[in-house]
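Positions in the sequence shown are counted from 1; adding 80 to them yields the working numbering. Yeah, the Cβ is synthetic: ideal placement off N, Cα and C, and Gly gets one too. Keep in mind it's a predicted model, so treat the numbers as computed, not measured.
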Amino acid sequence: MNPQAKLIFIVSLLLGTTITISSNHWVMAWTGLEINTLAILPLISKSHHPRAIEAATKYFLVQAAASTLVLFSSMTNACFTGQWDITQMTHPTSSLILTAAISMKLGLAPFHFWFPEVLQGSPLMTGLLLSTVMKFPPITLLYMTSQSLNPVLLTTLAILSVALGGWMGLNQTQTRKIMAFSSIAHLGWMAIILIYYPKLTLLNFYLYAMMTAAVFLTLNSMKVLKLSTLMTAWAKAPSLSTILLLTLLSLAGLPPLTGFLPKWLIIQELTKQDMAPAAIIISLLSLLGLFFYLRLAYCATITLPPHTTNHMKQWHTNKPINPLIAVLTTLSIMLLPISPMLATII
81 MNPQAKLIFI VSLLLGTTIT ISSNHWVMAW TGLEINTLAI LPLISKSHHP
131 RAIEAATKYF LVQAAASTLV LFSSMTNACF TGQWDITQMT HPTSSLILTA
181 AISMKLGLAP FHFWFPEVLQ GSPLMTGLLL STVMKFPPIT LLYMTSQSLN
231 PVLLTTLAIL SVALGGWMGL NQTQTRKIMA FSSIAHLGWM AIILIYYPKL
281 TLLNFYLYAM MTAAVFLTLN SMKVLKLSTL MTAWAKAPSL STILLLTLLS
331 LAGLPPLTGF LPKWLIIQEL TKQDMAPAAI IISLLSLLGL FFYLRLAYCA
381 TITLPPHTTN HMKQWHTNKP INPLIAVLTT LSIMLLPISP MLATII
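Okay, here's the thing in structure tokens:
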């Protein structure tokens with residue numbers, strides 16, 4: 081892709097995100113979402129492969145439908161209450177339509193079917209943008225309207241997302257699809273706490289984005305698209321494979337690592353809100369996700385792959401690790417000790 085064109089698309093992405101997260105009026109928020117959608121489409125389809133074109137088409141149709149619903153819910157609210165302000169979404173029907181629309185934009189279950197397919201058809205770096213930057217504006221809209229959303233509906237969507245994200249990721253062999261189902265499961269954790277403690281949702285999103293960025297950048301650096309390639313990557317880049325192991329365990333939410341922090345705070349808050357059954361269910365369902373993270377981690381650090389005759393050995397490279405990967409991995413592993421400070425801030 082032409083560097084100038086790529087620069088224009090990246091700047092448009094940042095512009096669309098900034099417009100949405102800084103707007104008070106629904107039409108401005110909708111405009112930002114549309115700019116975002118149009119800017120990411122060329123980045124998805126830049127390889128001109130039929131699968132990439134299919135992914136871009138699916139993404140466009142789903143996002144267009146979701147944007148229409150966002151506009152429809154805000155117009156319905158304005159019709160009944162006379163308010164175009166995002167924080168004044170008080171009409172119950174408008175809130176329900178908005179929840180469905182934002183769930184489609186994010187890929188929350190049961191509106192998740194497009195996300196793994198789109199991620200599988202995109203390059204790894206575009207997949208990183210789809211999993212992190214593109215989810216920020218819709219989460220911001222949910223954050224701003226959190227006081228008027230339906231708690232039962234959001235809790236149901238959240239538990240469904242964690243269940244389906246974990247369950248459907250179990251038998252995947254493509255790393256991008258595994259990361260897509262991981263994203264759906266993490267969105268469930270964000271959605272369940274949104275009404276009771278919105279700041280925790282944002283904290284969870286920031287930490288999730290940081291850990292996902294570390295995983296995607298590592299996979300991109302090793303040029304890994306499927307598990308069979310990952311199994312032979314140890315000989316090529318042992319240090320990157322070790323980094324990937326730790327980051328994946330952090331994404332799974334194992335205690336000494338950063339990923340445990342948001343899960344711990346969310347379970348604590350749910351218990352305070354007399355939602356212990358929901359906390360137990362979502363904790364047990366996250367074990368499904370733990371299984372495929374451990375599978376990925378095992379494949380990343382296997383020093384002698386099975387069926388060695390079928391695999392071409394890769395040359396060991398002494399290429400230095402990208403500093404950004406080093407910083408993100410360090411943060412993804414070692415932030416748990418600062419949790420008391422975070423607890424006082426939020």
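| query | result |
| --- | --- |
| Limits of the unbroken alpha helix (DSSP H) element including Gly268 | Thr255 to Ile273 |
| Option nearest Ala406 by Cα separation, candidates Ser154, Ser211 and Ala293 | Ala293 |
| Which listed residue (Phe152, Ala189, Lys185 and Gly187) has its alpha carbon closest to that of His171 | Phe152 |
| Cutoff 8 Å; reference Phe285; Cβ partners in own chain excluding five residues on either side | Lys215, Phe216, Ile219 and Met270 |
| In DSSP terms, what Lys343 is bridged to | Answer is none; Lys343 lacks a bridge partner. |
| Buried or exposed (CB count within 10 angstroms, at least 16 for buried), Gln84 | exposed |
| Status (buried if at least 16 other CB within 10 Å, exposed otherwise) for His128 | exposed |
| Of the residues Ile124, Lys126 and Met169, the one placed nearest His105, counting alpha carbons only | Met169 |
| Local conformation of Lys306 per DSSP, three classes | strand |
| Beta-carbon spacing of Thr298, Leu320 below 7 Å | yes |
| CB contact flag (Ala181, Ala158, <7 Å) | no |
| Exposure of Ala377, with buried meaning 16 or more beta-carbon neighbours within 10 Å | buried |
| Exposure of Ser102, with buried meaning 16 or more beta-carbon neighbours within 10 Å | exposed |
| Backbone CA spacing between Ile346 and Leu415 [nearest angstrom] | 16 Å |
| Distance between Ile166 and Met224 (C-alpha atoms, nearest Å) | 7 Å |
| Proximity winner among Leu95, Leu229 and Gly112, relative to Thr179 (alpha-carbon distances) | Leu229 |
| Cβ distance (whole Å) where Thr338 is taken to contact Leu287 below 8 Å | 6 Å |
| Trp142 classed as buried or exposed, judged by whether at least 16 other C-beta atoms fall within 10 angstroms | In the sequence as displayed, the identity of residue 142 is Val instead of Trp. Buried, since its Cβ has 16 or more Cβ neighbours within 10 Å. |
| Nonlocal neighbours in the same chain, by C-beta distance under 6 Å from Phe191, ignoring five residues either side | Ser183 and Met184 |
| Buried or exposed by the 16-neighbour rule on C-beta atoms within 10 Å, applied to Gln200 | buried |
| Beta bridge counterpart(s) of Asp165 as assigned by DSSP | His105 |
| Pairwise C-alpha distance: Leu350 and Met291 | 24 Å |
| Cβ distance (whole Å) where Thr117 is taken to contact Phe89 below 8 Å | Going by Cβ atoms, the distance from Thr117 to Phe89 rounds to 12 Å, so no, they are not a contact pair. |
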